[in-house]
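Asker:
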Amino acid sequence: MAQTITKVFVVNASKRVTNHDIDLATQAVNHQVRDHFAPLWGIKAPAVVFTTATPTPAKGTAVITVYDTPDVDGALGYHTEDSGVVYGKVFAGVILDNGGTAHTGSVSISACLSHEVLETLGDPRVQLWASNDHGAQIAYEVCDPVQGDSYDIVVHGTSVAVSDFVTPAWFDDQQAGEQLNYLNTVTKPFTLRKDGYVVRMVEGRVTNVFGEAMPAWQKDLKRKHGRISRRAA
26 MAQTITKVFV
36 VNASKRVTNH
46 DIDLATQAVN
56 HQVRDHFAPL
66 WGIKAPAVVF
76 TTATPTPAKG
86 TAVITVYDTP
96 DVDGALGYHT
106 EDSGVVYGKV
116 FAGVILDNGG
126 TAHTGSVSIS
136 ACLSHEVLET
146 LGDPRVQLWA
156 SNDHGAQIAY
166 EVCDPVQGDS
176 YDIVVHGTSV
186 AVSDFVTPAW
196 FDDQQAGEQL
206 NYLNTVTKPF
216 TLRKDGYVVR
226 MVEGRVTNVF
236 GEAMPAWQKD
246 LKRKHGRISR
256 RAA
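Numbering-wise (our numbering), the sequence shown opens with residue 26 and increments by one.
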């Protein structure tokens, strides 16, 4: 996978979580990208940094901003590209209003931030699909298939949840036996964890496929979003 993003800036525009919360989450994600994601994806790790200044969009960078209120109805977050500018958004209000927290568990602001950063690195321009052996195209999303699973990274004594993610082998039916996700809980390419989902396209028709334990409220959110111009967590 060609690397196109060399730095990811994280900005807090939320009034419901503090800069300290987002800084801790950013440090956890930076650790994850450097020590877990980049080695498995065979890329040079970009820096993931928290900033209180508004970054100037530049080639090779991405900006992920934490807001309270979504601009896509009900979304937890999304990543996209607009006129060459790669960016993502995380919506703290939706997460907190659905029982989530700043740093604990898969329904957390830190896990959603991790999700959007990793998927931005996996497909910055939101345009890649992988073909399975059954004639379907699967969106190149690296966290969606395992998004109900998280693990903790300790930052200055605080446990911070980050999202599990799949490896390149997950997108290839010929790669059975390889490591398919970071937590080693998936045994076959293109298969889902119980809380995961994928966006599938067959003969131009795009649908969502959910794991058997995907919470109803998350299914409802995802059904509201299209995948063609952006991908919503």
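Every residue, glycine too, gets a C-beta built ideally from N, C-alpha and C.
Just to confirm before moving on: does the CB-CB distance between residue 127 and residue 188 stay below 7 angstroms?
Answerer: Counted from its first residue, the sequence shown places residue 127 at position 102. Counted from its first residue, the sequence shown places residue 188 at position 163. No; because the gap between Cβ atoms is not below 7 angstroms, this pair is not in contact.
Asker: For residue 196 and residue 142, I'd like the C-alpha separation in whole angstroms.
Answerer: Counting from 1 along the sequence shown, the entry for residue 196 is found at position 171. Counting from 1 along the sequence shown, the entry for residue 142 is found at position 117. So the alpha carbons of these two residues sit roughly 19 angstroms apart.
Asker: Quick one: using the 10 Å Cβ neighbour count with 16 as the cut-off for buried, is residue 191 buried or exposed?
Answerer: Locating residue 191 in the sequence shown gives position 166, counting from the first residue. The residue in question, residue 191, is buried, as its Cβ has 16 or more Cβ neighbours within 10 Å.
Asker: Among 221, 161, 81, 101, whose alpha-carbon lies nearest the alpha-carbon of residue 133?
Answerer: Against the sequence shown, residue 133 aligns to sequence position 108. Of the listed residues, the one whose Cα sits closest to residue 133 is 101.
Asker: Which residue or residues does DSSP assign as beta-bridge partners of residue 88?
Answerer: To locate residue 88, count along the sequence shown from 1; it is residue 63. Looking at the DSSP assignment, residue 88 forms a beta bridge with 34, 112.
Asker: Report buried or exposed for residue 172, applying the criterion of at least 16 other Cβ atoms within 10 angstroms of its Cβ.
Answerer: Position 147 of the sequence shown, counted from the first residue, corresponds to residue 172. Answer is buried; the Cβ neighbour count reaches 16.
Asker: Which word fits residue 40, buried or exposed, when buried means at least 16 other C-beta atoms lie within 10 angstroms of its C-beta?
Answerer: One-based indexing of the sequence shown puts residue 40 at position 15. Its Cβ having fewer than 16 others within 10 Å, residue 40 is exposed.
Asker: Nearest to residue 90 by alpha carbon, out of 239, 182, 118, 34?
Answerer: Mapped onto the sequence shown, residue 90 falls at position 65. When each option's Cα is compared against that of residue 90, the closest is 34.
Asker: By DSSP, does residue 120 sit in helix, in strand, or in coil?
Answerer: The sequence position of residue 120 within the sequence shown is 95, counting from 1. In the structure shown, residue 120 sits in a helix (DSSP, three-state: H, G or I).
Asker: Quick check: the region 224 to 240 against the region 202 to 211, are there 3 or more CB pairs under 8 angstroms?
Answerer: No, they do not touch.
Asker: Would you identify the three-state DSSP class for residue 239, choosing helix, strand or coil?
Answerer: As a position in the sequence shown, residue 239 is number 214, starting the count at 1. Residue state, collapsed to three classes: coil.
Asker: Go to residue 290, then tell me how far its alpha helix (DSSP H) extends in each direction, as first and last residue.
Answerer: Residue 290 falls outside the range modelled here, since the chain spans only 26 to 258, and no answer is possible.
Asker: If you measure between the beta carbons of residue 222 and residue 233, is that distance less than 7 angstroms?
Answerer: Here residue 222 is taken as the residue at index 197 of the sequence shown, counted from 1. Here residue 233 is taken as the residue at index 208 of the sequence shown, counted from 1. In this structure, residue 233 lies closer than 7 angstroms to residue 222 by Cβ.
Asker: Excluding sequence positions up to five away, which residues of its chain have a Cβ less than 6 angstroms from the Cβ of residue 148?
Answerer: In the sequence shown, residue 148 corresponds to position 123, counting from 1. For residue 148, where only same-chain residues beyond five positions count, the Cβ hits under 6 angstroms are 165.
Asker: Taking 7 angstroms as the cut-off, decide whether the C-beta atoms of residue 241 and residue 220 are in contact.
Answerer: Numbered from its first residue, the sequence shown carries residue 241 at position 216. Numbered from its first residue, the sequence shown carries residue 220 at position 195. No.
Asker: Do residue 95 and residue 119 have their C-beta atoms closer together than 7 angstroms?
Answerer: Within the sequence shown, residue 95 is the residue found at index 70, counting from 1. Within the sequence shown, residue 119 is the residue found at index 94, counting from 1. Yes, they are a contact pair.
Asker: Just to confirm the assignment, what range does the beta strand (DSSP E) spanning residue 106 have?
Answerer: Within the sequence shown, residue 106 is the residue found at index 81, counting from 1. Residues 102 to 107.
Asker: Would you tell me roughly how many angstroms separate the C-alpha atoms of residue 62 and residue 230, rounded to the nearest one?
Answerer: Locating residue 62 in the sequence shown gives position 37, where the first residue counts as 1. Locating residue 230 in the sequence shown gives position 205, where the first residue counts as 1. The alpha-carbon atoms of residue 62 and residue 230 are separated by roughly 31 angstroms.
Asker: If you count every other CB in all the chains shown that lies within 10 Å of the CB of residue 256, and 16 or more means buried, which is it?
Answerer: Indexing the sequence shown from 1 puts residue 256 at position 231. Model confidence at residue 256 stands at a pLDDT of 49, short of 50, so the residue's coordinates are unreliable; what they give is reported in the following sentence. Under this definition residue 256 is a buried residue.
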